[in-house]
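Below: one structure, written as structure tokens.
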Amino acid sequence: MSEQADMSSHAHPVSRQVAASASAVWAVIADGWTFSSWVVGTARIRAVDPGWPRPGSRMHHSFGTWPLLLNDQTHVVREEEGRLLELTARGWPAGEARVQIEVRPEGDRCTVLLTEDAVSGPGALVPPVVRQPLIALRNRETLRRLAMLAEGRPAPPE
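Residues 574 to 731, numbered by this note's numbering, are exactly what the sequence shown covers, in order.
The following block contains the structure:
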């Protein structure tokens, strides 16, 4: 569980087996412009740095529902291409969250683990026993959407 070492001890991964290759899943994850299609709560993507998803690169997004949209950004903390992406997702006034997406290949399928927890702001003040089940509910739907996109894409050339 070394990948989880930087995450809060309260964060629990949500996982989903995907009927697509790890490279197909990674192709969706690595395309910052698709995040609003699969990340629950992201209303739109306003800009994606050209180097996405390299460490330090940013994605500028909006969250909420029109006309009550708030603009913020997410930046890449760590990337292991094709396998792991760690992000700091800002969503003020709620605060910031650390998010980790891990893709584990299993032949022509893969398992995706999504771990998230609030790290600053008002969201971090909510007791973990309350916030983690809500985060897990949201992340199960996020992984369902990610799987649908990856399963509908042809595998990228190796």
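From the three backbone atoms N, C-alpha and C, an ideal C-beta is built for every residue, glycine too.
Please list the terminal residues of the continuous alpha helix (DSSP H) segment that includes residue i.
| i | result |
| --- | --- |
| MET598 | Strictly speaking, residue 598 in this sequence is Val, with Met absent from that position. That run of the alpha helix (DSSP H) goes 595-602. |
| THR715 | 701-724 |
| GLY696 | 695-698 |
| SER736 | Any property of residue 736 remains undetermined from this structure, which presents the chain solely from 574 to 731. |
| TRP611 | 608-611 |
If we ignore side chains and look at the alpha-carbon of each, how far apart do residue i and residue j end up?
| i | j | result |
| --- | --- | --- |
| THR615 | HIS634 | 7 Å |
| ASN644 | ARG682 | 35 Å |
| GLY668 | ALA592 | 34 Å |
| SER693 | PRO700 | 13 Å |
| LEU660 | PRO666 | 18 Å |
| PRO623 | LEU686 | 26 Å |
| LEU710 | ARG704 | 10 Å |
| LEU707 | ALA691 | 12 Å |
| GLU724 | VAL613 | 18 Å |
| LEU657 | SER630 | 15 Å |
| LEU641 | PRO695 | 19 Å |
| ALA595 | PHE636 | 28 Å |
| MET574 | PRO586 | Confidence is the limiting factor: at MET574 the pLDDT is only 34, short of 50, which leaves the residue's position unreliable and the question unanswerable from this model. |
| SER582 | GLN590 | 24 Å |
| GLY680 | ILE618 | 32 Å |
Can you tell me where the beta strand (DSSP E) with residue i in it begins and where it stops?
| i | result |
| --- | --- |
| GLY668 | 668-679 |
| ARG663 | 657-664 |
With the cut-off set at 9 Å, would you say residue i and residue j are in Cβ contact?
| i | j | result |
| --- | --- | --- |
| ALA603 | ARG671 | no |
| LEU722 | SER588 | no |
| GLU689 | ALA720 | no |
| PRO628 | VAL598 | no |
| THR647 | PHE608 | yes |
| ARG713 | SER610 | no |
| MET632 | GLY664 | no |
Just list the residues that DSSP pairs residue i with in beta bridges.
| i | result |
| --- | --- |
| MET632 | VAL621, THR647 |
| LEU686 | SER588, GLU675 |
| GLU653 | LEU657 |
| ALA691 | ALA670 |
**OP:** For the segment 642-661 and the segment 670-680, state whether three or more C-beta atom pairs, one from each stretch, are separated by less than 8 Å.
**Re:** yes
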